[in-house]
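Residue numbers (this note's numbering): 23 to 172. Just so you know, even glycine gets a beta-carbon here, dropped at the ideal spot from N, CA and C. Keep in mind the model is a prediction, meaning the values are calculated, not measured. One structure is given here, and the rest of the page talks about it.
So, in structure tokens, the structure goes:
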């Protein structure tokens with residue numbers, strides 16, 4: 023029984039670690055596809071543009087799958103993060119750093135008008151929320167829109 027528990031724990035750790043480690047390369051691919059769409063797509067025919075669009079859709083699905091794996095693994099492991107007083111700006115900067123390549127490749131500018139300095143929250147969860155909000159805002163923005171306020 024102990025061995026089975028250890029195997030399950032090891033498997034959960036592997037899924038969680040692999041999911042986290044895959045985030046950055048997938049985000050890089052999404053950023054590169056965004057560049058392809060912006061720079062190369064105008065030169066492609068309709069069939070080629072459909073292929074690029076399908077690649078982007080697949081990238082988003084892969085990102086969503088990874089996020090789901092992370093959330094599922096957290097739930098299965100009963101990973102209740104410890105709440106603490108965290109600096110909102112500090113956590114926001116960490117989330118922005120994770121999507122720096124996406125911001126650079128899309129030339130998006132993020133402006134901040136923070137009304138809260140600190141809050142009591144699980145830092146890991148807050149960073150995840152901000153990461154998802156920012157990356158989704160960039161991915162699903164209106165064409166031509168480059169400024170987002172936090």
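Using a Cβ distance threshold of 8 Å, residue 88 and residue 45 count as a contacting pair. Sequence-distant Cβ neighbours of residue 55 in its own chain, meaning closer than 8 Å and more than five residues away, are 74, 77, 78 and 81. Between residue 164 and the set 130, 24 and 68, the nearest pair of CA atoms involves 130.
By the Cβ-count criterion, residue 40 is exposed, with fewer than 16 other Cβ atoms from all chains shown falling within 10 Å of its own Cβ. Taking each of 109, 122 and 104 in turn and checking the Cα distance to residue 137, the smallest one comes out for 109. The distance from the Cβ of residue 113 to that of residue 152 is about 6 Å, consistent with a contact at the 8 Å cut-off. Here residue 95 has 34, 37 and 38 as same chain residues with Cβ atoms under 6 Å from its own Cβ, once five neighbours each way along the sequence are excluded. Linking residue 57 to residue 139 through their CA atoms gives a straight-line distance of about 35 Å.
Nearest Cα to residue 141 within the set 63, 105 and 60: 105. Residue nearest to residue 92 within the set 147, 155 and 66 is 147 (criterion: CA-CA distance).
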